Structure formats: C-alpha cells, structure tokens
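J.: In the numbering used here, the protein residues as written are 4 to 255.
Cβ atoms here follow ideal geometry from the backbone N, Cα and C, with glycine treated the same way.
The structure presented is a predicted model; accordingly, all values stated were derived computationally and were not measured.
#1: Let me know if residue 134 comes out buried or exposed under the rule of 16 or more other beta-carbons within 10 Å of its beta-carbon.
#2: Are the Cβ atoms of residue 96 and residue 62 separated by less than 8 Å?
#3: From the DSSP output, which residues share a beta bridge with residue 197?
#4: Which class does residue 5 belong to by DSSP, given the choice of helix, strand or coil?
#5: Have a look at the DSSP bridge pairing and note the partners of residue 91.
#6: Between 216, 227, 162 and 103, which has its C-alpha nearest residue 243's C-alpha?
#7: Would you check if the distance between the CB atom of residue 194 and the CB atom of residue 172 is smaller than 8 Å?
#8: Would you list the one or two residues that DSSP bridges to residue 78?
#9: Could you give the DSSP three-state label for residue 125: helix, strand or coil?
#10: May I ask you to report which of helix, strand or coil DSSP gives residue 229?
#11: Whole angstroms is fine: what's the gap from residue 241's alpha carbon to residue 176's?
#12: Quick check on residue 110: buried or exposed, where buried means 16 or more other Cβ atoms within 10 Å of its Cβ?
#13: For residue 291, does the three-state DSSP call read helix, strand or coil?
#14: Per DSSP, what are the beta-bridge partners of residue 111 in this structure?
#15: Report the residue from 147, 125, 42 and 101 whose alpha carbon sits nearest the alpha carbon of residue 200.
#16: Would you kindly work out how many angstroms separate the C-alpha atoms of residue 251 and residue 167, rounded to a whole number?
#17: Please classify residue 222 as buried or exposed, where buried requires at least 16 other C-beta atoms within 10 Å of its C-beta.
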C-alpha cells in the first residue's frame, strides 16, 4: 500500500495517473491462466547450472535495489536447443534458489513447476529475436511513473542512457499477454526496452548482465528526470549530438 502511494506521488510530478478500467483487467487476467504441457528434463548441463546461479544472483541484486519486490519481477535466459530458463510464478524473489527456476523447452514446462505468467512473451521474443538472450520484466517505481501516466520517457539525458536504452515505446495494457507475438516484434536492436501502460517495463539484452544494466539505467534515468522537474526544463541530447553518438558507437 505504501509503495503504491509513493508511486502515485512520484507519477504526479510528470503527469496525471491513468486509471485502468476494470474490463481491461478482467480481459488480461483471462489470458494469463493457461499452463503449458509438462516435460521431464533428462539432464542438466554445467552451463545450465551456471545460468541458474547467475540468474539467482541478479534476482537477489534486483530485490536489494528495490527493482523487484515480493513475487513481482521476471527474469529469463536463453539456453541451447530451443530452451530457456524463467522465474517461477508466485515465489518470493528474495528467497529464490537455482532449483526454483523453470526450464521451458519446445513450448513445455519443467515437470512440477509453474513458470511466470509472462512465459509466452519470453518464448515469442526468443523465437523471433536471435540477438536477444535475456529478458527482464520489472515494476521499478520511478520508471513505472512513466507507465502509469501519459508522460513519454526520453532516454536522451546522458550518453550512457541513450546508448543503452535508445527509443522506449509504450504499448497498451495487456499487449504482452493477449498479443505476445506482436509485442515480441518490437524488440529490434534499436528497441531493447518497452514500457507497458499501467503494467511494467520490459528490457532485453544479449546477456543477463546486459539486460540488468538496462534495467538499472532506465530506473535511475527515470528517477533523475522526475527529480529534475523541481529545477526546471531538461536539456536533452540534440539531433546533431545523437548522430555523433550513433557514429562513434556504431549504433543500429
């Protein structure tokens, strides 16, 4: 409750909060209850064990930085042979263990485990975007202020933000759940981050650390933009400077 009030107070600095209609909530919920069929893994490679440990380390880091809270927040990581790991549904992120993570293989879930309800979006991204090896969904408070208002997040604050985040489009509430294939199409090399109205931020990367870096940068960039409102208008990186950055860093 306190976290929600703080988020609302933060959002008022950049615009009026958007109220989510009850019918949209109900429609979205109706698409989130489907379970994938099960499969029993025959083995677990050293690379998968390492990936599980790395995911749990970063999940704990996200929790400690208040980028995740309670059972909210989803990590996934591509494995070999058409598989990926994803956080489970309704398990406290603070106490996540490597064995809790769910392996998804060929549209099947690891026996006895229930994956995050956004599993179909992650599956669609890995299927469509070969350059992406990790996806994170979070509800960090400062960037969520942009998700729950009409305010547009602009990454052109400092070069690091622009280079890591690029353009950050906003999709309507429910898009990743009801149209995961269409949402997955957005994650091109020049669009690694997408906001979902009244819901979350989705970040993708070529590695778990790359995706996590983007989550950190967008949250603290959003915090800086909101804080700057008390001082005056922000001066963004201009078009000429953007072209110089694109050329220097060979950005797509």
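T.: Let me lay it out:
#1: Residue 134 counts as exposed, since fewer than 16 other beta carbons sit within 10 angstroms of its beta carbon.
#2: If you check the CB distance, residue 96 and residue 62 come in under 8 Å.
#3: BP columns for residue 197 point to 205.
#4: Its pLDDT being 43, under 50, residue 5 is placed unreliably in this model, and the value from its coordinates should be taken loosely. It is helical.
#5: 118, per the DSSP bridge assignment.
#6: When each option's Cα is compared against that of residue 243, the closest is 162.
#7: In this structure, residue 172 lies closer than 8 Å to residue 194 by Cβ.
#8: Paired residues: 139.
#9: Here residue 125 carries a helix assignment [DSSP, helix/strand/coil].
#10: Correct three-state label for residue 229: helix.
#11: About 31 Å.
#12: Exposed, by the Cβ-count rule.
#13: The chain is shown only over 4 to 255; residue 291 falls outside these bounds and no answer can be derived.
#14: 108, per the DSSP bridge assignment.
#15: Of the listed residues, the one whose Cα sits closest to residue 200 is 147.
#16: C-alpha separation (whole angstroms): 14 Å.
#17: The residue is buried, with at least 16 neighbouring Cβ atoms inside 10 Å.
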